[in-house]
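Residue numbers (mature numbering (1 follows the signal peptide of the UniProt record, and there is no 0)): -19 to -1, 1 to 271.
Okay, structure first, notes after.
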Amino acid sequence: MSYTSLAILLVLIAIRVEAADNSDYFGYSPAEQKLWPKYYPECGGTQQSPIAILTRKAINSRAAALNLDDYQKDLPLLRLSNNGHTVNLAIDEQAIRKGAKPPSISGGNLKGRYQFEGLHFHWGKSDDRGSEHTINNRETVLELHIVHRNVKYTREEAPRKEDGFVVLAVLYELKKGSGHNLDPIIENLDKVLEYGSSVLIKPSFNIRYFLGDVDTRRYYQYQGSLTTPPCSESVTWIIFDDTLQCSPRELNQLRRLQTIARDGSVKRLVKNNRALQPLNNRKVYYRTPK
């Protein structure tokens, strides 16, 4: 496995690339998801994600605003990859080795700084559902995850730490004339349709571009997990209240991505969203502008 593949594995929360014998395979059907805890015990933990968020039950947060540092600066060389579980966009290792400074987030009630590691998406097989989180019983068609790692941990350490990651999440509504914030992904998707493929992108955009006109002052926050095996309970989730828009065409483009079935055959990745998990005794906070 290449260093780039390993980096994608650890930082994009989009799971392990299968070995030649496909022993790390996991699926998204209801029956397959029930097997996750058998092979990945932490998937049966008490602080799992995603969850159903209800505004009326959320606790009002007095946290300061988030700081999105360097979110407006153009990104360095990027790599778009198909790991068989989603499409990932991350800063290429070449750029990191040459000293590229990733964007980062801090502020709010976060303790410390978290640097951008990559972004990916989750969707469903129909045009009426596909997001992982729900807000006030509303499930949308697509969910964006922008992953950040605590700078005090290495990529190997972060999944084992409660404060290892912060993930910014945005839900997408379906609309024919959608915005353009998915363009950098959709325009390059044909180059990564095959499982395991990747392509370098020289961007003329920044991370803030993917957030569109989302009001980053209004969000829900809770402690949870990766939504894919090994389901490490190491994530502070920040789910923005505002939604973005995507078109039926953009959704269908994502569903063209190829993955590998348990028997080794090639199939389309038409669904990659995890079912809702119990909240248990966790608290959900809701921050609005003061």
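The C-beta atom is built at its ideal place from N, Cα and C for all residues, glycine as well.
Hey, out of the options, whose CA is closest to residue i's CA?
i: N63; options: G8, R119, L238 and G245; result: L238
i: residue 327; options: P31, G89, S85 and Q29; result: The displayed coordinates of the chain run from -19 to 271. Any statement about residue 327 would go beyond what the structure contains.
i: V251; options: Y21, G158, D164 and S112; result: S112
i: V68; options: L170, P210 and T197; result: L170
i: R230; options: G65, R255, D164 and K271; result: D164
i: D51; options: Y6, Y20, Q29 and R189; result: R189
i: T197; options: S87, A242, V173 and E138; result: S87
i: L235; options: L91, K106 and I40; result: K106
i: I219; options: I127, S228 and L16; result: I127
i: G245; options: G65, P31 and L49; result: G65
i: E168; options: G80, I32 and L70; result: L70
i: L192; options: Q226, K172 and T209; result: Q226
Find out if the Cβ-Cβ distance for the pair residue i, residue j is shorter than 9 Å.
i: residue 272; j: V195; result: Not covered by the structure: residue 272. The range shown for the chain is -19 to 271.
i: I166; j: L61; result: yes
i: Q96; j: V148; result: no
i: R268; j: Y203; result: no
i: P18; j: G25; result: yes
i: D108; j: L232; result: yes
i: P140; j: S213; result: yes
i: R130; j: E98; result: yes
i: residue 335; j: G205; result: A query on residue 335 cannot be resolved here, the shown segment of the chain reaching from -19 to 271 and no further.
i: N254; j: R119; result: no
i: T36; j: N262; result: no
i: F146; j: V216; result: yes
Assuming residue i contacts residue j (C-beta within less than 8 Å), just tell me the rounded distance between them.
i: T115; j: I34; result: 7 Å
i: L58; j: K183; result: 6 Å
i: D73; j: L181; result: 6 Å
i: residue 307; j: P211; result: Lying before the first or after the last residue shown, residue 307 is absent from the chain, which here runs from -19 to 271.
Just to confirm, does residue i get its C-beta within under 8 Å of one of the non-hydrogen atoms of the ligand COA?
i: S85; result: The ligand content of the structure shown is nil, which means the ligand COA is not present either.
List the DSSP bridge partners of residue i.
i: S179; result: S62
i: P95; result: It is Tyr, not Pro, that sits at residue 95 in the sequence shown. For Y95, which the question treats as bridged, DSSP gives the partners I86 and N131.
i: residue 273; result: Past the edges of the chain, shown from -19 to 271, lies residue 273, and the structure says nothing about it.
i: V216; result: F146 and G205
i: E154; result: Q226
i: A71; result: R60
Worksheet item: Are the region 114 to 125 and the region 144 to 164 in contact at 8 Å, needing three or more beta carbon pairs?
Response: yes
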